[in-house]
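Residue numbers (the working numbering): 11 to 106.
We treat Cβ as the ideally placed atom computed from N, Cα and C, and that holds for glycine.
This one's a predicted model, so the numbers in the text were calculated from it and none came from an experiment.
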Ligand SMILES: [Zn+2]
Ligand SMILES: [Zn+2]
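Quick look at the structure:
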């Protein structure tokens, strides 16, 4: 991981899990986040946008992105990875 990536991740982590934030399901301060890479078709991992998700919504829970997959996740939450990325960008703009 490069220095700029680390800095970006640290910045994003401050917003907490972007899905918890939308659903208000948990206390944001209590959920340490992991970075989920949104894989674009044919894109390189290092160029993928990332969204902060708690471990539960990222890969552990039955309703997590890595358990449900791209389509299943969007259907379950009624929010796709791209929707969450958009919400994150809105937040970044509001606070910068
Ligand atoms: Zn979450
Ligand atoms: Zn992931």
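- In this structure, residue 75 has its beta carbon less than 7 Å from a heavy atom of ligand 2.
- Residue pairing by DSSP places residue 62 opposite 45 in a beta bridge.
- By the 16-neighbour rule on beta-carbons within 10 angstroms, residue 14 is exposed.
- The C-alpha of residue 48 is placed about 18 Å away from the C-alpha of residue 71.
- Taking C-beta atoms under 8 Å as the contact rule, residue 22 and residue 60 qualify, at a distance of about 7 Å.
- Annotation for residue 80 indicates a beta carbon at 7 Å or more from all heavy atoms of ligand 2.
- Taking the Cβ of residue 67 as the reference point, at least one heavy atom of ligand 1 falls within a distance shorter than 7 Å.
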